[in-house]
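Per the working numbering, residue 1 is the first one in the sequence shown, and the count goes up by one each step. We treat Cβ as the ideally placed atom computed from N, Cα and C, and that holds for glycine. As structure tokens, the structure follows; a few thoughts come after it.
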Amino acid sequence: MERNPPQQPLLVVIRGNSGSGKTTTAREVRRQYGSRGLAVIELDHCRRVILREHGGGGEDRVAPGFITTMARAALDGGYHVILEGILHTGQYGDPVRELLSKHPGPTACYFMDVTFDETVRRHQRREEPIPVDPETMRGWYAGRDLLGVPGEVVIPESMGFQEVVTTILHTSGLAEAAALTPCPTRCARCAEKAADADPPPGIAGTAARTQRAGWL
């Protein structure tokens, strides 16, 4: 008798230019996913805070290998993973393509296709904008910098924030994906919290959770 293969964690990549909304989107996807078991790996935090490494540069930069190694470790531990960042193809293209191609489970790749003027507007509306002027941002802007991998989804600028979040949740499979990690599946504290939880009537699933309206 054939048995179904064990469920594999999901790998989701969200890319886009600075100010395109990818970080805000990734964080909201995790919030609406709700459960533990989903890791969000942010390029900016890894490069700027953990490594304190400047962007650009040549082949000796550590960040490309660092973030893909971190993603593999999380996937191997049973975590669903969202990897998000500018992830320009010139420096990050090959490592990210390799990460996607070698992952045995489901993968999804998204590119936030936003014009330069709109990236500036969204940047200026952030609660804590990075101290950078539009001309510097123009030097970072790479247009429609697609990876060219099968199934890559382009998210248009015209799509509203919640529509983008819902699209990623459902087309990636995260909306239906159960947590696979020891916490919460074999965690006594998580079991206690679940037993004590009393959700409001009529609220069920990720789609019905409180939603944030609009881009930062």
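Any idea if residue i is buried or exposed, counting beta-carbon neighbours within 10 angstroms, 16 or more meaning buried?
i: Lys22; result: buried
i: Ser18; result: buried
i: Ser101; result: exposed
i: Gln32; result: buried
i: Thr217; result: Given that the chain is displayed from residue 1 to residue 216, the structure contains no residue 217 and the question cannot be resolved.
i: Ile86; result: buried
i: Glu176; result: exposed
i: Pro182; result: exposed
i: Gly34; result: exposed
i: Ala178; result: exposed
i: Asp113; result: buried
i: Val154; result: exposed
The beta strand (DSSP E) that contains residue i, what's its start and end?
i: Phe182; result: Sequence check: residue 182 is Pro here, not Phe. Taken as a continuous stretch (DSSP letters only), Pro182 belongs to no beta strand (DSSP E), being part of the alpha helix (DSSP H) at Pro182 to Thr185.
i: Arg15; result: Leu11 to Gly16
i: Gly85; result: His80 to Gly85
Which stretch, first to last residue, makes up the alpha helix (DSSP H) that contains residue i?
i: Asp145; result: Unbroken run through Asp145: none, as it is neither H nor E.
With H, G and I counted as helix, E and B as strand and the rest as coil, what does DSSP make of residue i?
i: Ala108; result: strand
i: Pro129; result: coil
i: Pro134; result: helix
i: Pro156; result: strand
i: Pro5; result: No answer about Pro5 holds up, because its pLDDT of 41 lies below 50 and its placement is not dependable.
Looking at C-beta atoms only, is the number of pairs between the segment 145-157 and the segment 55-63 that lie closer than 8 Å three or more?
no
In chain order, what are the residue ranges of uninterrupted beta strand (DSSP E) at least 3 long that sit wholly in the segment 13-67?
38-42
Is the segment 60-80 touching the segment 42-51, taking contact as three or more C-beta pairs under 8 Å?
yes
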